[in-house]
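Notes follow the structure.
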Amino acid sequence: MEAGNKREDSNGERNDSRRERHDNNCELHLTDEQFTNLLLGAEPAGVQAHLMECAACREESERVSGAIGDFAEQSLLWAERRAATQPVRLAERQPALAWLLHPQAWVAGALATALAVGIGMTMHRDHTQPEQQAVSTAQADAAKTQAAAVQPVVAKVQAEVKTGRATLKADNALLSAIDGELRADESTPASLYGLESTSYRTGTKTAKRTSN
Amino acid sequence: MQLALNPGMIGCAMGEAIQSELDDIEALDRAYRARLLRFVAYSTGDMDLAETVVQDCLLKAFNGRETFRGECSVYTWLAHIAGNLVRDHQRTRKFQFWRKVQKTGPDLSELTGVLPSGESSPETQILARERAQQVTGALEGLSQNQRSIFVMRFVDEMELQEICQATGMQMSTVKTHLHRAVKAVRLKVGGSA
Chain A
1 MEAGNKREDS
11 NGERNDSRRE
21 RHDNNCELHL
31 TDEQFTNLLL
41 GAEPAGVQAH
51 LMECAACREE
61 SERVSGAIGD
71 FAEQSLLWAE
81 RRAATQPVRL
91 AERQPALAWL
101 LHPQAWVAGA
111 LATALAVGIG
121 MTMHRDHTQP
131 EQQAVSTAQA
141 DAAKTQAAAV
151 QPVVAKVQAE
161 VKTGRATLKA
171 DNALLSAIDG
181 ELRADESTPA
191 SLYGLESTSY
201 RTGTKTAKRT
211 SN
Chain B
213 MQLALNPGMI
223 GCAMGEAIQS
233 ELDDIEALDR
243 AYRARLLRFV
253 AYSTGDMDLA
263 ETVVQDCLLK
273 AFNGRETFRG
283 ECSVYTWLAH
293 IAGNLVRDHQ
303 RTRKFQFWRK
313 VQKTGPDLSE
323 LTGVLPSGES
333 SPETQILARE
343 RAQQVTGALE
353 GLSQNQRSIF
363 VMRFVDEMEL
373 QEICQATGMQ
383 MSTVKTHLHR
393 AVKAVRLKVG
403 GSA
């Protein structure tokens with residue numbers, strides 16, 4: 001059959017007419033295994049010869065291989081387009097608790113804890129001190145207020161006491177003076193006679209001092 | 213003076229180049245993200261899963277770059293990681309639940325907004341898209357292994373030996389999956405079989 005094909009190749013136009021004749025008479029076509037081998041590039045002599053003779057198989061192989069080529073091209077185009085629109089994640093994906101394996105993580109955790117505790121204590125102290133200050137300030141204010149409130153009363157009382165004492169003293173002096181005057185007006189036989197008793201003089205002197 | 217090239221030196225230089233490629237996750241992302249996304253999306257038929265798996269795959273490859281021995285290409289190694297990640301995700305109950313609720317496969321109709329290149333007319337591009345959609349439809353009826361191997365071989369153009377390395381399957385198993393996948397595509401696109 002190969003020899004026949006070579007003769008056909010060398011005979012020009014007569015070659016085509018013979019192919020048509022062979023195609024019309026061809027009852028057996030390529031099996032699936034032969035077809036697969038043909039697509040894989042393995043082309044035994046018998047398959048080549050059959051393709052020369054059978055237009056149906058030749059056309060079918062061309063159609064299938066062309067479709068596969070189109071599929072490869074189109075799918076690559078699709079994949080390139082899809083890959084271009086897909087975000088690239090270059091970061092290494094790690095398990096959720098992988099950070100526990102790093103000593104730096106523990107150091108950082110300890111520092112963070114110490115910092116948090118320090119801040120908490122400072123805030124607590126800052127939060128407590130103003131209360132104490134407020135209490136002491138309130139107490140001082142209350143004391144001042146009380147002192148301020150009491151002071152006029154004390155002063156008033158003191159003034160009243162002083163006034164009372166002075167009044168009492170003045171009243172006593174007045175009463176003594178009146179008593180002296182009354183006594184001085186009383187004529188005694190001695191006075192009448194130019195004889196003054198000591199008590200009378202004392203009373204008179206006292207009345208004079210009071211009036212002065 | 214004539215320089216003599218030592219094959220060992222070439223291998224060493226290539227190994228260093230690969231290692232430097234793995235050391236730069238941005239370069240790794242630029243070079244392989246789209247291919248991996250296509251591979252996982254069409255293997256699983258789940259767009260959300262594909263994006264998650266590709267992201268995890270690149271990160272896992274970057275973190276485990278010391279374990280790469282250079283016995284295969286970087287893409288084969290990445291496809292192997294991606295395949296394992298897909299299996300891991302699909303084992304979870306959460307995935308199985310959401311798979312029943314919602315499944316969003318790759319949709320080539322998203323490309324309708326792409327302007328036609330100067331090499332082909334709009335009509336040609338529309339025809340090409342329709343043919344590609346036919347292949348997509350054929351793949352939807354296949355198992356995940358069949359789809360993965362089909363995509364690796366005919367889309368990523370990996371050798372059968374590389375597919376064996378990436379999937380951990382025997383050569384005969386790979387060929388069987390590939391044969392079934394081609395049969396389905398031939399039935400859908402070729403109109404015979």
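Chains A and B supply the protein sequences, listed in that same order.
Going by this note's numbering, the first sequence opens with residue 1, and the numbers climb by one from there.
Going by this note's numbering, the second sequence opens with residue 213, and the numbers climb by one from there.
Backbone N, C-alpha and C fix where the C-beta goes; we use that ideal spot for every residue, glycine too.
query, result
"CA-to-CA distance, Leu-182 (chain A) to Pro-189 (chain A), given in whole angstroms", "Per-residue confidence for Pro-189 (chain A) stands at a pLDDT of 43, beneath the threshold of 50, marking its modelled position as unreliable; the derived number appears in the next sentence. Near 16 Å, if we compare the C-alpha coordinates of Leu-182 (chain A) and Pro-189 (chain A)."
"Burial state of Arg-242 (chain B) (16 or more Cβ within 10 Å)", "exposed"
"Contact with chain A by Tyr-287 (chain B), beta-carbon distance below 9 Å", "no"
"Where the segment 65-77 of chain A meets chain B: residues whose CB sits under 8 Å from a CB there", "Gly-66, Ala-67, Ile-68, Asp-70, Phe-71, Ala-72, Glu-73, Gln-74, Ser-75, Leu-76 and Leu-77"
"Euclidean distance between Cα positions of Asp-268 (chain B) and Met-123 (chain A)", "47 Å"
"Cβ neighbour criterion (16 or more within 10 Å) applied to Val-205 (chain B)", "Because chain B in this structure spans residues 213 to 405, residue 205 (chain B) falls outside the shown range and cannot be described."
"Proximal residues of chain B, C-beta to C-beta of Glu-43 (chain A) below 9 Å", "Under the 9 Å cutoff, chain B gives no residues; its nearest Cβ is about 15 Å from Glu-43 (chain A)."
"For Val-252 (chain B), the nearest candidate out of B:Ser-384, B:Gln-337, B:Gln-345 and B:Gln-302 (CA to CA)", "B:Gln-302"
"The segment 281-297 of chain B contacting the segment 103-118 of chain A, beta-carbon criterion three pairs below 8 Å", "no"
"Straight-line Cα distance separating Thr-85 (chain A) from Arg-341 (chain B)", "21 Å"
"Cα-Cα separation between Gly-349 (chain B) and Ala-105 (chain A), rounded to whole angstroms", "53 Å"
"Val-394 (chain B) beta carbon less than 9 Å from that of Asp-32 (chain A)", "yes"
"Which of helix, strand or coil DSSP assigns to Ala-42 (chain A)", "coil"
"Neighbour flag for Gln-382 (chain B) against chain A, beta carbons, 9 Å", "no"
"Ser-355 (chain B) (DSSP reduced to helix, strand or coil)", "coil"
"C-alpha gap between His-22 (chain A) and Cys-57 (chain A), whole angstroms", "With a pLDDT of only 45 at His-22 (chain A), under the threshold of 50, the placement of this residue in the model should not be trusted; the figure read from the coordinates follows. Those two C-alpha atoms are separated by around 12 Å."
"For Arg-281 (chain B), three-class secondary structure by DSSP", "coil"
"Nearest-angstrom Cα separation, counted from Ala-138 (chain A) out to Gly-118 (chain A)", "30 Å"
"8 Å CB neighbourhood of Gly-223 (chain B) in its chain, flanking five on each side removed", "Only weak support is given to the placement of Gly-223 (chain B): the predicted model assigns it a pLDDT of 48, under 50, and the question is left unresolved by the model."
"Candidates B:Glu-233, B:Gln-377, B:Arg-365 and B:Leu-351: closest to Asn-275 (chain B) by CA position", "B:Glu-233"
"Of the residues B:Ala-246, B:Ser-333 and B:Glu-335, the one placed nearest Val-265 (chain B), counting alpha carbons only", "B:Ala-246"
"Gly-295 (chain B) - containing alpha helix (DSSP H), residue span", "286-303"
"Cut-off 6 Å between Cβ atoms - residues of its own chain near Leu-351 (chain B), not counting five sequence neighbours on either side", "Arg-359"
"Min CB distance Leu-249 (chain B) to chain A below 9 Å", "yes"
"Environment of Arg-343 (chain B) [buried if 16+ CB atoms lie within 10 Å]", "buried"
"Beta-carbon gap between Ala-396 (chain B) and Leu-354 (chain B) smaller than 9 Å", "yes"
"Residue-level contact to chain A via CB, Gln-346 (chain B), 9 Å cutoff", "yes"
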